[in-house]
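To start, the structure itself, in structure tokens.
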Amino acid sequence: MTPVKSGRAKQAEKARQTRRRIIDAAHRLFTAQGYGATTLQEVAKEAGVAVQTIYFVFGNKRTLLKELVDVTIAGDDEPVATMDRAWFRDALAAPTATAHLRAHIAGTRAVLQRVAPITEMLAAAAATDPDVAALWPGGTDPRFIVQSAAAEALTAKPGARPDVPPAHAADLLYAMLSTELYLLFVRERGWTPREWEEWMYATLAPQLCDV
């Protein structure tokens, strides 16, 4: 690697670390104080950067929130869609419906564990700020698109119930693997994420698989 390329790589990595530090700081403050009550000056102080850096990197507070949500769902800042993620692709590659379902629920659990802490904050922000609500326009929920793809693949595999069409399977996955139901069991009723995962598999397997 030439010195010029090496220098550019170091600059890119430094910029990425700064970006992630800002997102992490926003995550802590938005969930603790609320999106509306948190200023970018507070985020900058928490992240150890100048507020101008936040404006330069993200443009505004709403864009910072949008990226925070995207990173939280993904688990990292790589620009990779959910259906191209390793956990989703590995589940698709499972040879049987039961193996696919178990892997899909496990992967979804990891996503829900990350997303659950920001759910109420995000709902409150969207309810009080029309510009935040506009970040996620109406239409088909992206989560339903993901669950539909999983259902399409699962119902075509050995061990799937032959009387369950992909559309019905998609509805079941979309409803059961929701943030709301996860929070009801884990936060409200005190279940562990692992207990939720095992119960969810035991509940969905007879609905979707020939077990």
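If you read the sequence shown in this note's numbering, its first letter stands for residue 35, the second for the next number, and so on. A virtual CB, placed ideally from N, CA and C, is assigned to each residue, including glycine.
Contacting residues, own chain, Cβ-Cβ under 7 angstroms from residue i (five flanking each side not counted)
i: L242; result: A131, L135, L188, A194, R195, V198, A203, L206
i: D124; result: A137
i: E80; result: A59, R62, L63
i: D165; result: R96
Residue i and residue j closer than 8 angstroms at C-beta
i: Y208; j: A150; result: no
i: F92; j: E101; result: yes
i: L98; j: A60; result: yes
i: L169; j: R96; result: yes
i: I56; j: V77; result: yes
i: I152; j: T65; result: yes
i: R105; j: D111; result: For the sequence presented, residue 105 should be read as Val rather than Arg. Yes. Within cutoff.
For residue j and residue i, the rounded distance between their alpha carbons
i: R148; j: V245; result: 31 angstroms
i: P176; j: Q51; result: 28 angstroms
i: L126; j: V145; result: 17 angstroms
i: R62; j: V85; result: 17 angstroms
i: A185; j: K44; result: 43 angstroms
i: Y235; j: I139; result: 7 angstroms
i: E47; j: G41; result: 10 angstroms
i: G82; j: M210; result: 41 angstroms
i: S182; j: A120; result: 18 angstroms
i: A239; j: G141; result: 16 angstroms
i: E222; j: P200; result: 31 angstroms
i: F178; j: D163; result: 25 angstroms
i: N94; j: W233; result: 42 angstroms
i: E214; j: T237; result: 17 angstroms
Per-residue burial, residue i [other beta carbons within 10 Å of its own, 16 or more giving buried]
i: L218; result: exposed
i: R15; result: Outside the displayed span of the chain (35 to 245) sits residue 15, for which this structure offers no information.
i: R53; result: buried
i: E231; result: buried
i: A159; result: buried
i: G224; result: exposed
i: G109; result: exposed
i: R228; result: exposed
i: V114; result: exposed
Cβ-based neighbour list, residue i, same chain, cut-off 8 angstroms, excluding 5 preceding and 5 following
i: V180; result: T116, M117, F122
i: K191; result: A128, P129, T130, A131, H134
i: T226; result: V220
i: A167; result: A160, A161
i: Q75; result: V85
i: G68; result: M155, A158, A159
Contacting residues, own chain, Cβ-Cβ under 6 angstroms from residue i (five flanking each side not counted)
i: S212; result: none
Mind pulling the alpha helix (DSSP H) runs of 4 or more residues that sit fully within the stretch 147 to 194? If we require 4 residues or more, the alpha helix (DSSP H) runs fully inside the stretch 147 to 194 come out as 164 to 167, 176 to 188.
### Whole alpha helix (DSSP H) elements within the stretch 81 to 151, 4-residue minimum
Counting only runs of 4 or more, we get 85 to 92, 95 to 108, 120 to 126.
Length-filtered (4 minimum) alpha helix (DSSP H) runs lying within the stretch 205 to 229:
Fully enclosed alpha helix (DSSP H) runs of 4 or longer: 213 to 217.
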